[in-house]
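For the sequence shown, our numbering gives the first residue as -9, with consecutive numbering after it.
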Amino acid sequence: MEGALEDGWTDWVWYETPVHTNVREVIDNNVDMAHFFYVHKSFPTYFKNIFEGHVAAQHMNGLAREDARVPTADDSPQMRGNTSVAAYYGPSFMIDELTYHFDDMDLKTTLINCHYPVDENSFVLQYGIIVQVPEGLDNEAALTIAREQAGFVKAGFEQDVEIWKNKTRIDNPLLCEEDGPVYQLRRWYQQFYTDVADIAPEMVERFEFEIDTTKPVEMWRREVEENLALEGAGSPG
């Protein structure tokens, strides 16, 4: 795991919270392309899932939304987008390697997401974050940026947590193409709740699914342009 025991990274910060819903709701997030726009305020320009054996991976590239940027000082670098590989290793331990792309640098972050069920309708969620300390800056400035980035990642992950705390389990959701391979992911997940002798080949065979983001991004760009136009119209002249 990059940065876990290396110099040049911040110390781990860890959080824990109970969530009162079925733990499968967390797993479903692995295939949810659209929530990156609506929840995390980014354009997913590339989104692919790969399931094989005990590993379920999500590969995502995203661009920042112009209508959702936090105001910063004129000389502060703007975040332009991010790349991410988030993979579950087994039923309850995920490593998400995130790189955030700014005007003049990239910031690498590692997020661990793990959880264990308490009963059918509750689980305990634990997550930890480290950030690579930027090079080329004095120590104080570099640590400040890294800590701010850790807080940004924490806030983004807790947007998901808030959703999980309010979701209702639906075993047979009605889906559109861009909703992703929810049923295939749940089939992969079922292997961990099945006797080893009864694990079916389709639970562990390699499965790949890439969502065509062209149409969603076109629609989302129009929405962002409309938001910017409304924002501009509401600004004092």
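Yeah, the Cβ is synthetic: ideal placement off N, Cα and C, and Gly gets one too.
Selected residue, minimal CA-CA separation from residue i, among the options
i, options, result
"Y173", "D1, W(-1) and N20", "N20"
"V121", "A24, Q139, P107 and M50", "Q139"
"S74", "E56, I102, D93 and D57", "I102"
"T203", "E152, F26, A190 and L175", "F26"
"G170", "E198, T158, V151 and F147", "E198"
"T158", "V9, Q149, G80 and H44", "V9"
"Q68", "T89, V45, I85 and D94", "D94"
"D22", "N39, D109 and M209", "N39"
"I201", "H105, E167 and D185", "E167"
"L115", "V108, L165, C104 and D86", "C104"
"W2", "M209, L165 and G141", "G141"
"A145", "H30, T0 and D(-3)", "H30"
"R196", "P34, V45, G(-2) and D(-3)", "V45"
Near the ligand NAP: residue i beta-carbon under 7 Å from a heavy atom
i, result
"E42", "Because no ligand of any kind appears in the structure shown, any question about the ligand NAP cannot be addressed here."
Whether residue i touches residue j by CB criterion (8 Å)
i, j, result
"V143", "I119", "yes"
"Y28", "M50", "no"
"I194", "G43", "The sequence given here has Val at residue 194, not Ile. It is a contact, given that the beta carbons lie within the stated cut-off."
"I17", "Y179", "yes"
"S32", "G52", "yes"
"L175", "F41", "yes"
"Q48", "A24", "no"
"Y78", "M84", "yes"
"F113", "V13", "yes"
Assumed close pair residue i, residue j - CB separation to whole angstroms, cut-off 8 Å
i, j, result
"N162", "T11", "That belief does not hold up - the Cβ atoms of N162 and T11 are roughly 17 Å apart, past 8 Å."
"V123", "A136", "5 Å"
"W154", "E15", "5 Å"
"G80", "F182", "7 Å"
"E192", "R177", "6 Å"
Is it true that the region -9 to 0 meets the region 96 to 113, where meeting means three or more beta-carbon pairs spaced less than 8 Å apart? A contact exists between the region -9 to 0 and the region 96 to 113.
Any beta strand (DSSP E) of 3 or more consecutive residues that is wholly inside the region 88 to 122: 96 to 109 and 112 to 121
Does the region 212 to 223 come into contact with the region 43 to 57, if we say contact requires no fewer than three beta-carbon pairs (one atom in each stretch) closer than 8 Å? Three or more Cβ pairs closer than 8 Å define a contact, and the region 212 to 223 meets that threshold against the region 43 to 57.
Can you give, in chain order, each stretch of the alpha helix (DSSP H) that sits fully within the region -6 to 21 and has at least 4 residues? 14 to 18
Kindly provide the ranges of any alpha helix (DSSP H) runs that are 4 or more residues long and lie completely inside the region 17 to 48, ordered along the chain. 25 to 28
As an exercise, report each continuous alpha helix (DSSP H) stretch of at least 4 residues that is fully enclosed by the region 150 to 185, in chain order. 172 to 180
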